[in-house]
Amino acid sequence: LHLLSRRQRQMCIRDRIIYSLLFAALFSACSTDFLDRNPLDKPSNEAFWRTEKDAMAAATGCYNGWFSMDEVIYADCASDNAYNPFTWEGWAVQAAGTATPTDPGYSYMGYGNMVRYNNFLENIHRPEMNEDLRKRLTAEVRFLRAWDYFQKVTHYGDVPLVTSVLEIKNANLPRTEKAKVVEFILNELKEIAPQLPESYSGSDVGRITRGAALTLKARLELFEHQYDDCMATCSEVMGLGYELFPDYKGLFKIANENNSEVILDVQYVESLYGNWVLGVLPPASVGGWCSINPTQSLVDAFECEDGKTIEESEVYDPKEPYLHRDPRLAVTVLAPGNLYEGKRYDPIDVKDPNGDYYAPYGRSKTGYLVRKYVDDLSDYADMWDCGMNAIVMRYAEVLLMYAECKIELNQIDNSVYDILDDIRTRAKMPVVDRTRYTGQEKLRELLRRERRVELAMEGLRWFDICRWKIGEQVLNGKVYGCLLGTVDPVTGALSLTNERIFVENRKFDPAKHYLWPIPQTVIDATPAIVQNPHY
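Written out as structure tokens, the structure reads:
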């Protein structure tokens, strides 16, 4: 879409939306019960699948709602990276350890999209169409189904594996063993990857590519500690021509959409299929909702500009804690004293009732906000309706997965250091100190910190916590925000007190919280499904 004029983009997206709506309407007659079952009466289904245009419309309809910017930016609130102050938004209970079957927060246990995926896959053989296109569209929809199951199995463990349209009498299925679901996903991705193109052009940009299928395969292999397989899969992606975008800050600018680092994103177009969610990020003083509040823990994870942690660095000043830091901190987090939209951001002065201090209403409860994606609001005519794409996969993640596999297999060589150096120097950080970070334990420490800061607010931290089994360490106890004090409105200089914002107490039970609770509504609708342990 970025290769077309604005009017051409609008027309292409308009046609996509029309087809999506037609297809969604066609398949809207599905049962309200939990598991998917035949969404149509037979004559309607028989009448639809005739032409190549029908097949394209059906495939486009399958993309509707497969993922969103909401899930990308809110998901870190389920981790130690951020806090969601508004319970009604669905991301407050997971990290706090207070999720229950009746209050599960955001849920991935819906099977509505499976109606479209399975129905498509059962009928795509019928239209008269180009066989190469049929094969490609089939692979795209198989990816979307695999993506859906990836979300389910990583959040809930055992889940019903449904690969066909069900009759009502057969819809009450029990959960399938996690290992079998994982095997299904990996086999699907292995089979479809060669059937997908390496890239698209024109109005097809944003559809599923070979790189996307392989990257999802690598994610799941890494989650399952299949390091040899993951490393091999990453190597395949590394041979597809992706590159790190030269400017970390620019990577998240709308002007640089679909750049060389992006493997997969959700495509949005202003006023037609707009991205509304960016408005939840900025301060209330510029009309934002302050919905996602980075934690002090995340801020402290960023090194100083000398490549040392804040505990080790001689340039770290606790009185000016945001100076001389890894440049990615200023890209990712809006901190006290930062210049934002023409004024100094001041969330810490309790004496200023008109400021951004967290206490009165709708402010950040940690003192921090997300700056990634909304660095400059002039990038958008309307931050509540913009064309900013949601990056779902990018090449830096693939490089970090490859490096992690090498470290975990204790196959440490120059390639590990080279990857970390490339990612760090792109962000204007020094290369890895090879005298300090040597051996598996120290490199694991560095790799995990690097993943956290490089990929912060991109929805991946929960998966890291789960596979590293660090929930007991990072999701237990008190959560804090920044120190209170005052901000010089001209220079941004801080005068900080010793009082730090307290946010909440969190609890993490390793016997329970590595899986999310299955919503009670799901169990009520499908009695064969049993709840996860200890919920």
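All residue numbers for the sequence shown refer to my numbering, where the first residue is 53 and numbers rise by one. Note that beta-carbon positions come from the ideal geometry of N, C-alpha and C, so glycine has one too. Given the structure is predicted, the values throughout are model-derived calculations rather than measurements.
For Tyr532, the uninterrupted beta strand (DSSP E) run begins and ends at Gly529 to Val539, by DSSP.
An exposed status is given to Phe554, since fewer than 16 other beta-carbon atoms sit within 10 Å of its beta-carbon. In this structure, Gln146 is the residue among Leu495, Leu391, Gln146 and Ala110 with its C-alpha nearest to the C-alpha of Asn528. Counting other Cβ atoms within 10 Å of its Cβ, Arg271 reaches 16 or more and is therefore classed as buried. Residue pairing of Lys480 in beta bridges, as defined by DSSP: absent, with no partner found. The beta carbons of Ala442 and Val314 sit about 10 Å from each other, so the pair does not count as a contact at 8 Å. According to the DSSP assignment, Phe554 belongs to no alpha helix (DSSP H) but to the beta strand (DSSP E) extending over Leu546 to Arg558.
Look at the region 439 to 467 and you find these whole runs of alpha helix (DSSP H), each 4 residues long or longer: 447 to 460. In this structure, the alpha-carbon of Leu499 lies about 36 Å from that of Lys395. In chain order, Ile471, Ile475, Leu499, Glu502, Arg503, Glu506 and Leu507 place their CB closer than 8 Å to the CB of Leu452, counting only its own chain and leaving out the 5 sequence neighbours on each side. Positions of the alpha helix (DSSP H) runs, each at least 4 residues long and wholly inside the region 181 to 247, are given as 183 to 208 and 230 to 244 in order along the chain. Pairing Leu218 with Val233 gives a Cβ-Cβ distance that is not under 7 Å. Each of Val338, Phe138 and Glu456 was checked against the Cα of Asn345, and the nearest Cα belongs to Phe138. The beta carbons of Ser349 and Asp358 sit no closer together than 7 Å.
Contact between Leu238 and Lys269 holds, since their C-beta atoms are separated by about 6 Å, short of 8 Å. Arg423 sits in coil when the DSSP states are folded into three classes, being neither helix nor strand. Collapsing the DSSP output to three states places Thr267 in a helix. The DSSP-derived three-state label of Cys356 is strand. Within the DSSP bridge table, the entry for Ala382 names no partner.
Taking C-beta atoms under 8 Å as the contact rule, Arg227 and Asp210 qualify, at a distance of about 4 Å. Under the three-state reduction of DSSP, Tyr115 is assigned to helix.
A contact between stretches requires three or more CB pairs, one per stretch, nearer than 8 Å, and the region 278 to 290 fails this requirement with the region 422 to 435. Counted as a single uninterrupted DSSP element, the stretch harbouring Ile260 is not any beta strand (DSSP E), since DSSP gives it neither H nor E. Boundaries of the beta strand (DSSP E) harbouring Leu316: Val314 to Val318, taken from the DSSP string. In this structure, the beta-carbon distance from Val329 to Asp122 falls below 7 Å. Between the alpha carbons of Gly164 and Ser216 lies a gap of roughly 13 Å. DSSP, reduced to helix, strand and coil, places Thr103 within a strand of the structure shown.
Separation of Asn557 and Gly162 (C-alpha to C-alpha, rounded to the nearest whole angstrom) is 30 Å. A contact is defined here as three or more CB-CB pairs under 8 Å, and the region 178 to 189 meets this definition with respect to the region 94 to 108.
Taking 7 Å as the cut-off, the beta carbon of Ser131 is found closer than this to the beta carbon of Ile517. Rounded to whole angstroms, the gap between the alpha carbons of Glu363 and Gly254 is 49 Å.
Using a 10 angstroms sphere on the CB of Pro298, the tally of other CB atoms stays under 16, which defines it as exposed.
DSSP places Gly291 in no alpha helix (DSSP H); its state is neither H nor E.
Nearest Cα to Tyr294 within the set Asp398, Glu250 and Thr418: Glu250. Around the beta-carbon of Ser343, 16 or more other beta-carbon atoms lie within 10 Å, marking it buried. Setting aside the 5 residues that flank it on each side, Tyr374 is surrounded in the same chain by Ala387, each with a C-beta closer than 6 Å to its C-beta; the list follows chain order.
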